[in-house]
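Start counting the sequence shown at 167; every next residue gets the next number (the numbering used here). Beneath this line is the structure, given in structure tokens, with notes to follow.
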Amino acid sequence: TQVALLLELARREKLAGAIDKARLLLRRVVDLDPGNRGVIRELADLAVGDERWEDARDMLLRASEQEADPRTLQDVYGRLGALYADHLDDPSAAMKAFEKVLSYESTDETALGRLVDLQVAAGSWKKAYINCTTLLNLPSEGEKKCRNWLRMARIHSGGRFDAQRAERAFKE
């Protein structure tokens, strides 16, 4: 089929280092087969590799619309959250994406941590407190545990909750 041929050509172009040609071939595959989720995610990967953040966002959003597998959606939304937070300067969209991750897996430590940090930066102290409490109730040790207690201390301090609790959280 034409799709199979284009996929093989794209694979060869990628191996040869011709990423732009591979990208064009993969876009033609998506034009012919709009539901090809694997190719859409591959285009997102190529965009991230080239630091084409808007293209990566667009492909990940497209993947999120077509994907049905909860594990894959969790990954897609996690990647979207990171893109919005780290490269597209859209903390509101990042929070929504991380909340979507948590709708699939409520104990996703990475999503919880990123969400708490964004909520603290936005001054959403109560939400940050609730999510950080969830984070602290997850099994962790060493550096992760310390980072989570520091988050809680920051929440107590910045949110003006309880200075003594903030001090205790910091000491723990």
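Glycine residues also receive a C-beta, built at the ideal position from the N, C-alpha and C atoms. Only a predicted model underlies this, so the values are computations on that prediction, with no experimental measurement involved.
(request) Please say whether Leu246 and Ala263 have beta carbons closer to each other than 8 Å? (result) Cβ atoms of Ala263 and Leu246: closer than 8 Å.
(request) Could you work out which residue in Ala184, Leu301, Arg228, Arg218 is closest to Asp197 when comparing CA atoms only? (result) Ranking Ala184, Leu301, Arg228, Arg218 by Cα distance to Asp197 puts Arg228 first.
(request) Grab the span of the alpha helix (DSSP H) containing Glu231 for me, first residue to last. (result) That run of the alpha helix (DSSP H) goes 219 to 232.
(request) Compute the Euclidean distance between the alpha carbons of Arg317 and Leu172, then round it to the nearest angstrom. (result) Their Cα atoms are separated by approximately 49 Å.
(message) I'd like to know if the stretch 209 to 220 and the stretch 180 to 195 are in contact, where contact means that at least 3 CB-CB pairs between them fall below 8 Å.
(response) Contact holds: three or more Cβ-Cβ distances are below 8 Å.
(request) Return the CA-CA distance between Ala319 and Glu220, expressed in angstroms with no decimal places. (result) Rounded to the nearest whole angstrom, the C-alpha separation of Ala319 and Glu220 is 35 Å.
(message) Given a cut-off of 8 Å on the beta-carbon distance, is the pair Leu226 and Glu208 in contact?
(response) No, they are not a contact pair.
(request) Would you tell me roughly how many angstroms separate the C-alpha atoms of Asn202 and Arg280, rounded to the nearest one? (result) Computed Cα separation, rounded: 30 Å.
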